[in-house]
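Colleague:
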Ligand SMILES: Cc1cc2nc3c(=O)[nH]c(=O)nc-3n(C[C@H](O)[C@H](O)[C@H](O)COP(=O)(O)OP(=O)(O)OC[C@H]3O[C@@H](n4cnc5c(N)ncnc54)[C@H](O)[C@@H]3O)c2cc1C
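Residue numbers (our numbering): 347 to 507.
1. Over what stretch of residues does the alpha helix (DSSP H) that includes residue 397 continue unbroken?
2. Using beta-carbon positions only, say whether residue 357 and residue 475 come within less than 7 angstroms of one another.
3. Among the residues of its own chain, which have a CB less than 8 angstroms from the CB of residue 380, if the five just before and after it don't count?
4. Touch check for the segment 425-433 and the segment 355-372: three-plus C-beta pairs under 8 angstroms?
5. How big is the Cα-Cα spacing for residue 426 and residue 438?
6. In the DSSP output, which residue or residues are listed as bridge partners for residue 438?
7. Sorry if obvious, but does the Cβ on residue 454 come closer than 6 angstroms to a heavy atom of ligand 1?
8. Around the C-beta of residue 413, are 16 or more other C-beta atoms found within 10 angstroms, so that it is buried, or is it exposed?
9. Going by the beta-carbon positions, is the gap between residue 452 and residue 492 smaller than 7 angstroms?
10. Return the residue from the list 386, 353 and 504 that minimises the CA-CA distance to residue 467.
11. Using the rule of at least 16 other Cβ atoms within 10 Å of the residue's Cβ for burial, across every protein chain shown, is residue 499 buried or exposed?
12. Verify the contact flag: residue 493, CB atom, against every heavy atom of ligand 1, threshold strictly below 6 angstroms.
The following block contains the structure:
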């Protein structure tokens with residue numbers, strides 16, 4: 347995930363945007379598969395700077411500082427540490443929007459795969475009409491799967507035409 351001057355971006359955000367309904371907030375796990383507070387919870391440090399230092403290890407420094415300004419630790423109790431941990435794994439963000447079609451890397455929707463032969467990509471309704479790649483309702487995860495789909499479906503159609 348990247349913080350840009352436009353807002354949140356990067357592969358994780360682009361991936362989420364394929365599924366975002368344009369209304370609901372999204373939840374972001376800022377420290378996946380990690381429990382940051384376990385050690386501090388056991389030690390109960392009086393000095394809050396150890397929490398700041400730990401956050402700076404997993405988040406960009408300025409973001410970590412801003413995080414602590416926005417969500418200061420509410421004491422040194424088990425509850426306070428548990429809340430701090432939970433919040434880090436479920437940061438709720440309500441996007442104002444996306445960058446739209448012009449900046450999209452992949453489009454959801456398209457020609458229904460049920461209307462096509464899975465072997466040749468030919469339309470079941472119109473002989474000699476083939477659909478491949480992006481125009482079909484197939485949306486791959488980021489990371490090359492959309493190219494792969496375009497090439498593979500193109501290859502299949504190419505064998506049949
Ligand atoms: C910025 C960006 C980054 C991306 N990064 C990745 C990535 O890292 N990995 C990945 O897997 N996918 C990525 N994608 C998605 C991937 O590029 C597409 O899924 C894939 O190129 C679709 O292939 P396609 O052949 O179906 O369509 P396209 O590649 O869009 O090809 C369609 C072609 O048809 C031409 N055309 C359109 N209209 C006409 C017409 N009337 N007459 C003749 N020609 C016409 C167009 O000029 C174009 O050359 C990215 C997309 C974008 C926009």
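All C-beta atoms, glycine included, are put in the ideal place defined by N, C-alpha and C.
Modeller: If we stick to the structure as given:
1. Locating residue 397 in the chain shown gives position 51, where the first residue counts as 1. It spans 395-404 - the alpha helix (DSSP H) in which residue 397 sits, taken as one unbroken run.
2. Position 11 of the chain shown, counted from the first residue, corresponds to residue 357. Position 129 of the chain shown, counted from the first residue, corresponds to residue 475. Contact check for residue 357 against residue 475 fails: the beta carbons are separated by 7 angstroms or more.
3. As a working note, residue 380 is residue 34 in the chain shown. Around residue 380, the same chain offers 404 as residues with beta carbons nearer than 8 angstroms, after the five sequence neighbours per side are excluded.
4. They do not touch, by the three-pair rule.
5. Against the chain shown, residue 426 aligns to sequence position 80. Against the chain shown, residue 438 aligns to sequence position 92. If I take the Cα positions, the gap works out to 18 angstroms.
6. Translated into positions along the chain shown, residue 438 becomes position 92. According to the DSSP secondary-structure assignment, residue 438 is paired through a beta bridge with 373.
7. For the purposes of this step, residue 454 is taken as residue 108 along the chain shown, with counting starting at 1. In terms of side-chain proximity, the C-beta atom of residue 454 is found no nearer than 6 angstroms to any non-hydrogen atom of ligand 1.
8. Mapped onto the chain shown, residue 413 falls at position 67. By the neighbour-count rule (16 or more Cβ atoms within 10 Å), residue 413 is buried.
9. The sequence position of residue 452 within the chain shown is 106, counting from 1. The sequence position of residue 492 within the chain shown is 146, counting from 1. Cβ atoms of residue 452 and residue 492: closer than 7 angstroms.
10. As a first step, residue 467 is located in the chain shown; it is residue number 121 there, counting from the start. Between residue 467 and the set 386, 353 and 504, the nearest pair of CA atoms involves 504.
11. Locating residue 499 in the chain shown gives position 153, where the first residue counts as 1. Buried, since its Cβ has 16 or more Cβ neighbours within 10 Å.
12. Indexing the chain shown from 1 puts residue 493 at position 147. It does: the Cβ of residue 493 is within 6 angstroms (strictly closer) of some heavy atom of ligand 1.
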